[in-house]
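Visitor: Quick one: this structure, given as structure tokens, is what I'll be asking you about.
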Amino acid sequence: MGGAARLSAPRVLVLWAALGAAVHIGPAPDPEDWWSYKENLQGNFVPGPPFWGLVNAAWSLCAVGKRQSPVDVELKRVLYDPFLPPLRLSTGGEKLRGTLYNTGRHVSFLPAPRPVVNVSGGPLLYSHRLSELRLLFGARDGAGSEHQINHQGFSAEVQLIHFNQELYGNLSAASRGPNGLAILSLFVNVAGNSNSFLSRLLNRDTITRISYKNDAYFLQDLSLELLFPESFGFITYQGSLSTPPCSETVTWILVDRALNITSLQADFLRDVTRTIHIHSQFPTVLLRQMHSLRLLSQNPPSQIFQSLSGNGRPLQPLAHRALRGNRDPRHPERRCRGPNYRLHVDGAPHGR
Ligand SMILES: *[C@@H]1O[C@H](CO)[C@@H](O)[C@H](O)[C@H]1NC(C)=O
Ligand SMILES: *[C@@H]1O[C@H](CO)[C@@H](O)[C@H](O)[C@H]1NC(C)=O
Ligand SMILES: *[C@@H]1O[C@H](CO)[C@@H](O)[C@H](O)[C@H]1NC(C)=O
1 MGGAARLSAP RVLVLWAALG AAVHIGPAPD PEDWWSYKEN LQGNFVPGPP
51 FWGLVNAAWS LCAVGKRQSP VDVELKRVLY DPFLPPLRLS TGGEKLRGTL
101 YNTGRHVSFL PAPRPVVNVS GGPLLYSHRL SELRLLFGAR DGAGSEHQIN
151 HQGFSAEVQL IHFNQELYGN LSAASRGPNG LAILSLFVNV AGNSNSFLSR
201 LLNRDTITRI SYKNDAYFLQ DLSLELLFPE SFGFITYQGS LSTPPCSETV
251 TWILVDRALN ITSLQADFLR DVTRTIHIHS QFPTVLLRQM HSLRLLSQNP
301 PSQIFQSLSG NGRPLQPLAH RALRGNRDPR HPERRCRGPN YRLHVDGAPH
351 GR
């Protein structure tokens, strides 16, 4: 798994052969944007994960880095750290707004410059500013998250990408410096109920407006705190960006209680059942709705359809890195109780 650092000679030869072919047939690629999750896109070679570190000198960490992400978290390796404070979210009491965007690789929500959303606490020594919410998902249920817990994937992973605004002026400067980035991950299962923030973000009205690459749709009045489960623990480790340039400046925080998504909104379900009376076929409806995320295309409408799903990097070796968590395995009955297991929301009128 995740053999980026263990490319064999034949694979490198295949790479150069493919590069040669691309030079002759494709338009000149933008070197900063010339990567993909799957190697064969419409016959043209676009480097997939095993090649990221080889095609651009600035991305060499993708191949030779020793603290790469994502990883498989084996819970028995997680060290309990009773000194980890709870996570804090600051929104200044304002609702979030921004643009939902099909980047051709991810479903991305880019918050407007105001209000600033900060996260701190947990393992973070500084206040970090939210710069993107990113959604990764699979072609089938139970696969699609980048991280895994005990070798188990999830249907989707929501990544909240933040940069250290106390030390750096912007995301790209922070991604190159120590303590630069913090990424908070939440896992998502397909179930009969849905997280209310995800329902606002992903419903019939929004999803259908970002069907193709570069489609964007403006959203407002979002309450980010509703994304988090009411109580949860977290696991943290030092890793990297899971996209080029794979910079090893990321403090990852993985929320250990999965969210649910029914795929689309409950009102849509009600409409469907009212109009065609298929109460007994609810599971079919749910399945179709998850399908609608998978029907988003990586390409503009002029090009062939390719699903965005499967937009994750393969697992990378954890090696000797420490995994720390704020749940005490010796007291399972006390799991997720008390103030350490809640999100602390500053400035919000109805903070939990
Ligand atoms: C976010 O953090 C910055 C820098 O620490 C601070 O100036 C700003 O007031 C914070 N915003 C909120 C909403 O807490
Ligand atoms: C980010 O910050 C760096 C250093 O402060 C600066 O040189 C660069 O132009 C900034 N980039 C953007 C996109 O603003
Ligand atoms: C997700 O749904 C399951 C049942 O399908 C439920 O037990 C669990 O509490 C839900 N998770 C959250 C975070 O609401």
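Under full-length UniProt numbering, the first residue of the sequence shown is numbered 1, with each subsequent residue one higher.
Ideal Cβ positions, reconstructed from N, Cα and C, are used throughout, including at glycine.
Got a list of residues with beta-carbon closer than 5 Å to any non-hydrogen atom of ligand 2, in chain order?
Guide: Answer in sequence order: G169, N170 and A173.
Visitor: Whose CB is closer than 5 Å to a heavy atom of ligand 1? List the residues in chain order.
Guide: Every residue passing the under-5 Å Cβ criterion appears here: S90, G92, V116, N118 and S127.
Visitor: Looking at the structure shown, is V14 part of a helix, part of a strand, or coil, going by DSSP?
Guide: Position 14 of the sequence shown, counting from 1, holds the residue named residue 14. Reliability of the predicted coordinates at V14 is poor, the pLDDT of 48 falling under 50, and the value obtained from them is presented with this limitation in mind. It is helical.
Visitor: Please classify A258 as buried or exposed, where buried requires at least 16 neighbouring CB atoms within 10 angstroms.
Guide: Here residue 258 is taken as the residue at index 258 of the sequence shown, counted from 1. Looking at its Cβ environment, which holds 16 or more other Cβ atoms inside 10 Å, A258 is buried.
Visitor: What residue from W34, N44 and T208 has the CA that sits closest to L54's CA?
Guide: What you label residue 54 is simply residue 54 of the sequence shown in a count that begins at 1. For L54, the nearest C-alpha among the options comes from W34.
Visitor: If L323 and V78 are in contact, beta carbons under 8 Å, what's the gap, nearest whole angstrom?
Guide: One-based indexing of the sequence shown puts residue 323 at position 323. One-based indexing of the sequence shown puts residue 78 at position 78. Their Cβ separation, rounded to whole angstroms, is 5 Å, which keeps L323 and V78 in contact under 8 Å.
Visitor: With C-beta atoms as the reference, is L96 less than 7 Å away from L224?
Guide: Numbered from 1 along the sequence shown, position 96 holds the residue referred to as residue 96. Numbered from 1 along the sequence shown, position 224 holds the residue referred to as residue 224. Yes.
Visitor: What are the boundary residues of the alpha helix (DSSP H) that includes W52?
Guide: Position 52 of the sequence shown, counting from 1, holds the residue named residue 52. Note, W52: alpha helix (DSSP H), W52 to V55.
Visitor: What is the chain-ordered set of residues for which the beta carbon lies under 5 Å from any non-hydrogen atom of ligand 3?
Guide: Spelled out in chain order, the answer is A191, P229 and N260.
Visitor: Return the first residue and the last residue of the alpha helix (DSSP H) that V116 is part of.
Guide: Mapped onto the sequence shown, residue 116 falls at position 116. Unbroken run through V116: none, as it is neither H nor E.
Visitor: Counting only runs of 3+ residues fully inside the stretch 82 to 160, write out the beta strand (DSSP E) ranges in chain order.
Guide: Segments of the beta strand (DSSP E) lying fully in the stretch 82 to 160: 87 to 90, 96 to 102, 107 to 111, 118 to 121 and 124 to 137.
Visitor: Taking the alpha-carbon of T249 as reference, which of Q68, P49 and L222 has the nearest alpha-carbon?
Guide: Within the sequence shown, residue 249 is the residue found at index 249, counting from 1. The shortest C-alpha separation from T249 is found at Q68.
Visitor: Would you list, in sequence order, the uninterrupted beta strand (DSSP E) runs of no fewer than 3 residues that lie entirely inside the stretch 153 to 213?
Guide: With a minimum length of 3 residues, the continuous beta strand (DSSP E) runs that stay inside the stretch 153 to 213 are 156 to 164 and 181 to 190.
Visitor: How would you label D346, buried or exposed, when you count the other beta carbons within 10 angstroms and need 16 or more for buried?
Guide: Position 346 of the sequence shown, counted from the first residue, corresponds to residue 346. Burial call: exposed.
Visitor: Need the endpoints of the alpha helix (DSSP H) that V78 sits in, please.
Guide: Counting from 1 along the sequence shown, the entry for residue 78 is found at position 78. Note, V78: premise wrong, no alpha helix (DSSP H); beta strand (DSSP E) at V78 to Y80.
Visitor: Given P178, which residues of its chain have a CB within under 7 Å of its CB, disregarding the five upstream and five downstream residues?
Guide: Mapped onto the sequence shown, residue 178 falls at position 178. Correct list, in chain order: T249.
Visitor: I need the straight-line Cα distance from I304 to Q298, nearest angstrom please.
Guide: Counted from its first residue, the sequence shown places residue 304 at position 304. Counted from its first residue, the sequence shown places residue 298 at position 298. Cα-Cα distance, rounded: 9 Å.
Visitor: For E74 and G169, I'd like the C-alpha separation in whole angstroms.
Guide: By one-based count along the sequence shown, residue 74 stands at place 74. By one-based count along the sequence shown, residue 169 stands at place 169. C-alpha separation (whole angstroms): 35 Å.
Visitor: The alpha helix (DSSP H) with V64 in it runs from where to where?
Guide: In the sequence shown, the residue the question calls residue 64 occupies position 64. From DSSP, the alpha helix (DSSP H) with V64 extends over L61 to V64.
Visitor: Return yes when the Cβ of L136 is within less than 7 Å of the Cβ of E146, no when it is not.
Guide: As a working mapping, residue 146 is identified with position 146 in the sequence shown. As a working mapping, residue 136 is identified with position 136 in the sequence shown. The answer is yes: Cβ separation under 7 Å.
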